[in-house]
Amino acid sequence: MGRVTTQHLTRRSKTLLAAAALLAAAAALPGCGTGGDRPEARGSQAAAPLSVPRKAAPAGLPGMPPVLDPKDLYAADRPGRLSPVVKGFPSRVYVPNTLSNTVSVIDPKTYKVIETIPVGVQPQHVVPSWDLKTLWVNNNRGHTLTPIDPATGKRGKDVDVHDPYNLYFTPHGKYAVVMASLDRELVFRDPHTMERRHTEPVSCYGVNHADFSADGRYFIVSCEFSGELLKVDTERMKVVGQQKLPFQGAMPQDVKISPDGKTFYVADMMAHGVWVLDGDSFATPRLLPTGKGCHGLYVSRDSREMYIPNRGEGSVSVFDFAKNRLTKKWWLPDGGSPDMGGVSADGKVLWLSGRYDSEVYAIDTTTGKQLARIPVGGGPHGLAVYPQPGRYSLGHTGVFR
57 MGRVTTQHLT
67 RRSKTLLAAA
77 ALLAAAAALP
87 GCGTGGDRPE
97 ARGSQAAAPL
107 SVPRKAAPAG
117 LPGMPPVLDP
127 KDLYAADRPG
137 RLSPVVKGFP
147 SRVYVPNTLS
157 NTVSVIDPKT
167 YKVIETIPVG
177 VQPQHVVPSW
187 DLKTLWVNNN
197 RGHTLTPIDP
207 ATGKRGKDVD
217 VHDPYNLYFT
227 PHGKYAVVMA
237 SLDRELVFRD
247 PHTMERRHTE
257 PVSCYGVNHA
267 DFSADGRYFI
277 VSCEFSGELL
287 KVDTERMKVV
297 GQQKLPFQGA
307 MPQDVKISPD
317 GKTFYVADMM
327 AHGVWVLDGD
337 SFATPRLLPT
347 GKGCHGLYVS
357 RDSREMYIPN
367 RGEGSVSVFD
377 FAKNRLTKKW
387 WLPDGGSPDM
397 GGVSADGKVL
407 WLSGRYDSEV
417 YAIDTTTGKQ
427 LARIPVGGGP
437 HGLAVYPQPG
447 RYSLGHTGVF
457 R
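When the letters of the sequence shown are read in order and numbered with the working numbering, they come out as residues 57 to 457.
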């Protein structure tokens, strides 16, 4: 069919065309003030607005409790803000002793060991469950998890779980994730019975620590023995990214996300510092030197600082999130080997295990002064301070949201 011009149109056609043009112009006017996203009236056949609608922010992991404050992922962790689930629990510090196959229980008021609980072979971490009701002791070489009731301090019956070096929980509480370090697997399990639900093989060596994105849709995992990082899709339970750290002999350890959810920090005990990573792009991170044997990462109760124990030199570096730099370094008197731990419920004390010295350190978070040095069993590792503020636990020694 040939091209039709206005010269070929009848007077009636011209009138209809002009009316249609006026209607179209009138319909477009409201879009200028609303960005083009005003919903049409029911049954309207008007054409779509000319302006491009804004891209919607990706939804969070289905079933995950909504973030209290998008600018602060740790808003639920304020001093004394205990969940009704844990309010009646006695305040204790649970210390897994890898060489003694025990858990030392410390009363934080007296700085004394009040009980020693026998557990399985080579306990690595004491991990609060997603629902806050249970503490799981990861018996790495015993291939079991020992449950402890934090209300009574009594141990339960061991659960068979192969190679449980560390333990995490997905933000929606649907799965426990076992870091099977030597098996080279991420094992997704039922968070209560620990029955296996999905096994994700990995090609790196020594999966050990992790943290989740702000929306819970992915998590970053450190691979200690091959110096690599993984990015894992939470819902699909699949590795979607992998990279080698740009440092010969890198040995990444703890992983922690910033309060604003924009940055991941990864401690590295051989690079002697913290890798600063954009988790979304998963581009090559940069190194922030802290001290020899950089190991753990713990956010203060006001979300302003991060405590970074340097196991190889007996110090703790303090990172200021707003200033984006290290601002202090605290040295332990008589040295030590500060490793994993946590912050007291009131935020006033940082508790750290002394991995090579069979002791635990209590450090004042205001002054950096050592408050106590407590003898425990051999090879103390991932101690848990419990209870702590928060609505649910993501695992490790206590990562709460």
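We put the beta carbon where it would ideally sit given N, CA and C, even for glycine. All values reported here derive from a predicted model rather than from experimental measurement.
Legend entry - Status (buried if at least 16 other CB within 10 Å, exposed otherwise) for Ala339: exposed
Inset, instruction - Report the option in Gly136, Ser278, Thr154 whose CA atom is closest to the CA atom of Ser400. - result: Gly136
Inset, instruction - Starting from the C-beta of Ile313, find all residues in its chain whose C-beta is less than 6 Å away, skip the five residues before and the five after it, and write them out in chain order. - result: Asp267, Phe320
Legend entry - Residue from Trp331, Gly391, Ser359 with nearest C-alpha to Val372: Gly391
Legend entry - Given 8 Å, three or more beta-carbon pairs between the stretch 297 to 310 and the stretch 236 to 256: no
Inset, instruction - Would you mind reading off the limits of the beta strand (DSSP E) that contains Tyr417? - result: 415 to 420
Legend entry - Closest residue to Asn222 among Arg447, Arg457, Gly438, Gly446 (Cα-Cα distance): Gly438
Legend entry - Ala270 (DSSP reduced to helix, strand or coil): Judged by DSSP in its simplified three-state form, Ala270 adopts coil rather than helix or strand.
Legend entry - Distance CB(Ala378)-CB(Arg360) smaller than 9 Å: The answer is yes: Cβ separation under 9 Å.
Legend entry - Start-to-end residues for the beta strand (DSSP E) that takes in Ser409: 405 to 410
Legend entry - Other residues of its chain near Asp402: CB distance less than 8 Å, five sequence neighbours each side excluded: Pro135, Gly136, Arg357
Legend entry - Secondary structure, beta strand (DSSP E): runs of 3+ residues fully inside the stretch 302 to 384: 308 to 313, 320 to 324, 329 to 333, 342 to 345, 361 to 366, 371 to 376
Inset, instruction - Would you kindly check if the distance between the Cβ of Gly368 and the Cβ of Lys348 is under 9 Å? - result: Cβ atoms of Lys348 and Gly368: closer than 9 Å.
Legend entry - Local conformation of Ala131 per DSSP, three classes: helix
Inset, instruction - Would you mind working out which of Pro184, Phe275, Gln178, Pro365 sits nearest Leu117, comparing C-alpha positions? - result: Phe275
Legend entry - Whether Trp192 touches Leu450 by CB criterion (9 Å): no
Inset, instruction - Buried or exposed for Asp133, please, with buried defined as at least 16 other CB atoms from any protein chain shown within 10 angstroms of its CB. - result: buried
Inset, instruction - Starting from Gln426, follow its DSSP beta bridges and name the residues at the other end. - result: Ile419
Inset, instruction - Decide if Asp324 is buried, meaning its Cβ has at least 16 other Cβ atoms within 10 Å, or exposed. - result: A buried status is given to Asp324, since no fewer than 16 other beta-carbon atoms sit within 10 Å of its beta-carbon.
Inset, instruction - Could you work out which residue in Val161, Pro206, Val233 is closest to Asp219 when comparing CA atoms only? - result: Val233
Inset, instruction - Give me the Cβ distance between Pro179 and Asn153, rounded to the nearest whole Å; I'm assuming they're in contact under 8 Å. - result: 7 Å
Inset, instruction - Output the distance between the C-alpha atoms of Arg253 and Val296, rounded to the nearest integer angstrom. - result: 19 Å
Legend entry - Exposed unless 16 or more other CB atoms sit within 10 angstroms - verdict on Ile170: exposed
Legend entry - Host beta strand (DSSP E) of Lys300 (start-end): 294 to 300
Inset, instruction - Just the C-alpha distance for Phe456 and Ser147, rounded to the nearest angstrom, thanks. - result: 16 Å
Legend entry - Between the CA atoms of Val149 and Ala418 - distance to the nearest angstrom: 10 Å
Legend entry - Bounding residues of the beta strand (DSSP E) (the contiguous stretch that carries Leu201): 200 to 205
Inset, instruction - Would you tell me roughly how many angstroms separate the C-alpha atoms of Leu408 and Val416, rounded to the nearest one? - result: Cα-Cα distance, rounded: 6 Å.
Legend entry - For Arg211, three-class secondary structure by DSSP: strand
Legend entry - CB of Asp376 within 9 Å of CB of Ser393, strictly: no
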